[in-house]
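Some notes on the structure that comes next.
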Amino acid sequence: MAAGGRLAREADNLARPIIEQLGYELIDTDFITEEGRKILRFYIDRRGGIGLTDCETVSRSLDPLLDSEFSYQGAYFLEVSSPGVDRPLKTAADFRRHKDELVEVSLYQAVAGVKRFTGLLVDGGDGWVCVQPDQAEVRRLDLTDVAKIKRVIVF
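Residue numbers (this note's numbering): 22 to 176.
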């Protein structure tokens, strides 16, 4: 969960089964305040990508349940969105989906003088990822040491 702590986790737990039943994957959930507005935002994905109709379908399916469960929060805006092609990769499912793709890795602390590098995503699981930088050995990294991993998009 990117933001929103307990409320984002509660919303995630309520929404996940519905989203999966509709054939989508719930990537992330945020419950944030932007410009004085409370926003409950779900990021969904599926093979082939997400379009506006997909977001509308999920929003309409979640709206009644979330309105009843989060009424104590007062007014909020419900948003359903694609996570975008440049979103950070965070989960074992992300790593499986993007295996053998080029990724950019940013570390919290430099290792051997390197804090950011690009390499091939070799494997990953809960709490770890393996990346092979150009012409180098595969590096197994604990996700606690990784600030961000994202796909390198070539146009």
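Virtual Cβ for every residue (Gly too), placed ideally from N, Cα, C.
What you are looking at is a predicted structure, and each value in this text was computed from that prediction instead of being measured.
- Rounded to the nearest whole angstrom, the C-alpha separation of residue 121 and residue 142 is 5 Å.
- Short of 7 Å from the beta carbon of residue 113, and not among the five residues preceding or following it, lie these beta carbons of its own chain, in chain order: 145, 146 and 147.
- For residue 136, the CB contacts under 6 Å within the same chain, skipping 5 residues up- and downstream, are 128 in chain order.
- The beta carbon of residue 31 is closer than 7 Å to none in its chain, skipping five residues each way along the sequence.
- Here residue 132 is exposed. Its C-beta has fewer than 16 other C-beta atoms within 10 Å.
- The C-beta of residue 75 has 16 or more other C-beta atoms within 10 Å across all chains shown, which makes the residue buried.
- Taking residue 45 as the centre and dropping the five residues before and after it, the same chain places the C-beta of 65 and 67 closer than 6 Å to its C-beta, in chain order.
- In the DSSP assignment, residue 42 falls within the alpha helix (DSSP H) that extends over 26-42.
- With respect to the C-alpha of residue 94, the residue from 152, 115 and 28 having the closest C-alpha is 28.
- Put simply, the backbone Cα of residue 70 is about 31 Å away from that of residue 57.
- Counting along the chain, the unbroken beta strand (DSSP E) around residue 62 starts and ends at 58-66.
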